[in-house]
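Let me begin by presenting the structure, written as structure tokens, before commenting on it.
Numbering (my numbering), first residue to last: 718 to 1183.
Okay, structure coming up:
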């Protein structure tokens, strides 16, 4: 009996930790690596009252009796915003390098990720107490499952922030082209110095606890995507670039490298369970997934073909770097691409920061906790800055992130969790489909990781030899 009570208390404590892991005390935004926010309000929870833990928790996050208020349309907008991010910038480059037939891989990845999103919703139906990606991992494999899920989530956030910083550096050099900054005691280029300045400007945001004042900037991903798409369309129809460059049919040797770029474009699964629980009618989550992934896949495919046809082999790893710099729309897109990473640091660091603060001794004062939180965040951000300046190769960093981390979060783990949780009720065809997806995700993950790592090491060797 004592063991049962201990287990129940442990379960309740885990729920409270999960609450703080993705929340603020008054209002918060659940953030994915790529962009959108899910607003929630604090309410009382029966679990917390019973255990007298003293923690406020998030309505719609882990309270069994709470209900969400997001409509179908609102949920679709949220999911689209989650999916659209850095990945869209590299789709033309990936298509040009992989050949036009690699578009089948892009579409196939979208279909597979939509299906695994559906699987996460099915897992949530099996246990009303599961409200997050980590909860599903714990539901499937206990504490080990939670640790595995949390590890990959934080890895994705860390790698994505490195990618954002590389993107920041690349686009800053175009925005301030012609500008020259030098410090005799620093062996840094102008682009690197601009990046250092931009990161230092963003650094104080890591000390903020209330991020509501900047959370609206999460919507920038959708705005930037529509802006880039409309700019490319206008260039193709009315602009200076009316060339119809030929795209190779297939370049098989480059498929492993670009597979990570495609998978990264659909990364957003870490917050899909929270989105599902925020819905008025969670039974429509599958329809939300299908609608959202259809829209995003269509956008990515059209953007990829337009960019590849307009610029051909000269297309850059970020389409904004290939667009004519003198156009007003290009300048807006470049500035949006520059400002987005600067707002992401605090928003993406928030889940880790909240968990860190929660793990500190209760005897610590609020001010001292803020100092610890801000100091750790500052050190991590400076580490990210150093890594980004050392690895200024966007396509390889993003490709490595997609292959090493996103393939696990988006493809492998949802299938594994689903089979473990729902095995008795999973039919033979569904079992085969899930096993095939696990194998495919593993193959592309390993092959893409090896390819991106080799390319990154090769270019680092060449850069050091010059």
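Think of the CB as a built atom: it goes at the ideal place given N, C-alpha and C, for glycine as much as any other residue.
Keep in mind the model is a prediction, meaning the values are calculated, not measured.
Counting of Cβ neighbours within 10 angstroms places residue 967 among the exposed residues, the total staying below 16. In the three-state scheme derived from DSSP, where H, G and I count as helix and E and B as strand, residue 787 is classed as strand. Shown here, residue 1087 sits in a helix according to DSSP, grouped into three states.
Within the same chain, Cβ atoms closer than 7 Å to the Cβ of residue 939 are found at 797, 798 and 801, the five residues on either side in sequence being excluded. In its chain, beyond the 5 residues on either side, no residue has a beta carbon closer than 7 Å to the beta carbon of residue 1174. Between the alpha carbons of residue 923 and residue 1002 lies a distance of about 33 Å.
Taking C-alpha positions only, residue 971 is separated from residue 873 by approximately 23 Å.
Residue pairing by DSSP places residue 996 opposite 787 in a beta bridge. By the Cβ neighbour-count rule, residue 868 is exposed, with fewer than 16 other Cβ atoms within 10 Å of its own.
The beta carbons of residue 1042 and residue 816 sit about 28 Å from each other, so the pair does not count as a contact at 8 Å.
Using a 10 angstroms sphere on the CB of residue 1100, the tally of other CB atoms stays under 16, which defines it as exposed. One Cα belongs to residue 1167, the other to residue 1080, and the distance between them is close to 47 Å. Apart from sequence neighbours up to five positions away, the residues of its chain that approach residue 1009 with a beta-carbon distance below 6 Å are 793, 796 and 797, ordered along the chain. Distance from the Cα of residue 824 is smallest, within the candidate group 980, 920, 917 and 883, for 980.
Here residue 978 has 804, 807, 808, 810, 811, 1112, 1115, 1116 and 1119 as same chain residues with Cβ atoms under 8 Å from its own Cβ, once five neighbours each way along the sequence are excluded. Beyond the five residues adjoining it in sequence on each side, residue 1049 comes within less than 8 Å, by CB distance, of 944 in the same chain, given in chain order. Residue 961 is classed as exposed because its beta carbon has fewer than 16 other beta carbons within 10 Å across all chains shown. Contiguous beta strand (DSSP E) elements confined to the region 793-843 do not occur, taking only those with 3 or more residues. Scanning its chain for C-beta atoms nearer than 7 Å, with the 5 sequence neighbours on each side dropped, one finds around residue 1016 the residues 942 and 946, in chain order. Residue range 1130-1139 is occupied by the alpha helix (DSSP H) that includes residue 1137.
With a cut-off of 8 Å on Cβ pairs, the region 1029-1037 is not in contact with the region 842-853, counting fewer than three such pairs. With the rule of 3 Cβ pairs closer than 8 Å, the region 1147-1165 counts as touching the region 1123-1133. By the CB criterion at 8 Å, residue 1024 and residue 1106 fall outside the cutoff. With distances taken between CA atoms, residue 786 lies nearest to 991 out of 991, 1161, 814 and 1182.
Taking C-beta separations shorter than 6 Å and ignoring five residues to either side along the sequence, the partners of residue 909 in its chain run 1106, following chain order.
A direct Cα-to-Cα measurement between residue 1078 and residue 1094 gives close to 18 Å.
The residue among 1052, 788 and 819 with its C-alpha nearest the C-alpha of residue 891 is 1052. Close CB contacts of residue 989 within its chain, under the 6 Å cut and outside five residues either way in sequence, are with 834 and 837 (chain order).
A buried status is given to residue 848, since no fewer than 16 other beta-carbon atoms sit within 10 Å of its beta-carbon. Membership of residue 1023 in the alpha helix (DSSP H) is indicated by the continuous run 1002-1028.
Taking 8 Å as the upper bound for CB-CB distance, residue 1161 and residue 1124 are in contact here, some 6 Å apart.
Relative to residue 875, the option among 859, 1061 and 791 whose CA is nearest is 1061.
Comparing C-alpha distances from residue 912 to each of 952, 901 and 1103 shows the shortest one belongs to 1103. In terms of CA proximity to residue 866, 1127 leads the group 886, 1127 and 1089. Annotated three-state conformation of residue 850 is helix, per DSSP. One thing to note: residue 857 has its Cβ no nearer than 8 Å to the Cβ of residue 1129.
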